[in-house]
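Written out below as structure tokens is the structure these notes cover.
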Amino acid sequence: DTAVSQTPKYLVTQMGNDKSIKCEQNLGHDTMYWYKQDSKKFLKIMFSYNNKELIINETVPNRFSPKSPDKAHLNLHINSLELGDSAVYFCASSPRQGSSPLHFGNGTRLTVT
Amino acid sequence: SQQGEEDPQALSIQEGENATMNCSYKTSINNLQWYRQNSGRGLVHLILIRSNEREKHSGRLRVTLDTSKKSSSLLITASRAADTASYFCATDGAGGTSYGKLTFGQGTILTVHP
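From first to last, the protein sequence lines are chains A and B.
Residue numbers for the first sequence follow the working numbering, beginning at 99 and rising by one.
Residue numbers for the second sequence follow the working numbering, beginning at 3 and rising by one.
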């Protein structure tokens, strides 16, 4: 059983399109995250939700909108995609707010052409 | 700004040798963690060391933490080809304000030749 699963694994789209990435965790964790890994492998946090409530919102363009329908799911919707959005997006979870370590999904490689 | 910085950026060794990776950070921390990332996969947690600990072991892994120098090292002993991966340090901020927000370095790419 995959603990943190993301779909799709690969996403290729054109500039200006809107796309969504889905994430689900079956670990019973309260807290979920979205991280972005750029081409230089630098990982940066984007958002964090604790029990469906947004608790971290880094300096991310408002074209990115996370949604957490329940504590097991955290989806990421991106409007008006730009070339610079190309990256690998990782979903992660942790047992509760402020706890470590994180459990990561296998990532979604987004390519914007 | 980037919190953790790993050194070296890339390391190539033969199977059986030891691999040492270093991490430096800038602000005070609650804990420091090391993760491994295999190509095309997500990060996997290896070991966590708290700010009041100086050394920790887990199997073939040994982590040290020097809070006065704001640095940590990860030693992998008797390396195997399967250890080939990128290794990241991540810091969890101090003062209870981190909310689990980890700040990652850019990683060390380790290649272990059979």
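Heads up, the beta-carbon is just placed ideally off N, CA and C, and yes, glycines get one too.
These figures come from a predicted structure and were not determined experimentally.
Check your understanding: By the criterion of Cβ-Cβ separation under 8 Å, what are the contact partners of F188/A in chain B?
Key -> Residue numbering aside, residue 188/A sits at position 90 when the first sequence is read from its first letter. G44, L45, listed in chain order.
Review point. Would you say L112/B reaches chain A, if we count a Cβ-Cβ gap shorter than 8 Å as a contact?
Key: Your numbering for residue 112/B matches position 110 in the second sequence. Using a CB distance cut-off of 8 Å, L112/B does not count as an interface residue toward chain A.
Check your understanding: According to DSSP, which residues form a beta bridge with Q135/A?
Key -> Walking along the first sequence from the start, residue 135/A turns up at place 37. Per DSSP, L141/A, V186/A.
Check your understanding: Residues in its own chain within less than 7 Å of R62/B by CB, not counting five upstream and five downstream?
Key -> Walking along the second sequence from the start, residue 62/B turns up at place 60. Only I78, T79, A80 meet the Cβ criterion.
Review point. By DSSP, does D116/A sit in helix, in strand, or in coil?
Key: Counting from one through the first sequence, the residue named residue 116/A turns up at place 18. The three-state secondary structure of D116/A, taken from DSSP, is coil.
Review point. Should K134/A go down as buried or exposed, given a rule of 16 or more other Cβ atoms within 10 Å for buried?
Key: By one-based count along the first sequence, residue 134/A stands at place 36. K134/A is buried by the Cβ-count criterion.
Point to revise | Interface partners of N33/B on chain A, CB under 8 Å | key: Start at 1 with the first residue of the second sequence, and residue 33/B comes out as number 31. For the C-beta of N33/B, the chain A residues within less than 8 Å are, from N- to C-terminus, S198.
Practice item. Report buried or exposed for H127/A, applying the criterion of at least 16 other Cβ atoms within 10 angstroms of its Cβ. Key: By 1-based counting over the first sequence, the position of residue 127/A is 29. H127/A should be labelled buried.
Review point. Does K72/B have its Cβ less than 8 Å from a Cβ in chain A?
Key: Along the second sequence, one-based indexing puts residue 72/B at 70. Taking Cβ atoms only, chain A never reaches closer than 8 Å to K72/B, which makes this a no.
Review point. Does L67/B come within less than 8 Å of chain A when only Cβ atoms are used?
Key: Residue 67/B sits at position 65 when you count from the first residue of the second sequence. Cβ-Cβ to chain A under 8 Å: no for L67/B.
Practice item. Check the Cβ of G109/B against every Cβ in chain A and list those closer than 7 Å, keeping chain order. Key: Within the second sequence, the letter at position 107 stands for residue 109/B. Under the 7 Å cutoff, chain A gives K139.
Review point. Taking all protein chains shown into account, do 16 or more other C-beta atoms lie within 10 angstroms of the C-beta of G44/B, making it buried, or fewer, making it exposed?
Key: As a working note, residue 44/B is residue 42 in the second sequence. Classification for G44/B: buried.
Review point. Using the beta-carbon count (16 or more within 10 Å), is G95/B buried or exposed?
Key: Within the second sequence, residue 95/B is the residue found at index 93, counting from 1. Buried.
**Study point:** Nearest residue (CA-CA) to S26/B, options E57/B, A83/B, S70/B
**Key:** As a working note, residue 26/B is residue 24 in the second sequence. Closest by alpha carbon: S70/B.
Review point. Would F145/A pass as a contact of Y131/A if the rule is Cβ separation under 8 Å?
Key: Taking the first residue of the first sequence as position 1, residue 145/A is located at position 47. Taking the first residue of the first sequence as position 1, residue 131/A is located at position 33. Yes. Within cutoff.
Review point. Rounded to the nearest angstrom, how far is the Cβ of Q11/B from that of T110/B, given a contact under 8 Å?
Key: Residue 11/B sits at position 9 when you count from the first residue of the second sequence. Residue 110/B sits at position 108 when you count from the first residue of the second sequence. Indeed, because the Cβ distance is near 6 Å, the residues count as touching under 8 Å.
Point to revise | Option in M23/B, E19/B, Q16/B with minimal Cα separation from E8/B | key: On the second sequence, position 6 is the one that residue 8/B refers to. Cα-wise, what sits closest to E8/B is M23/B.
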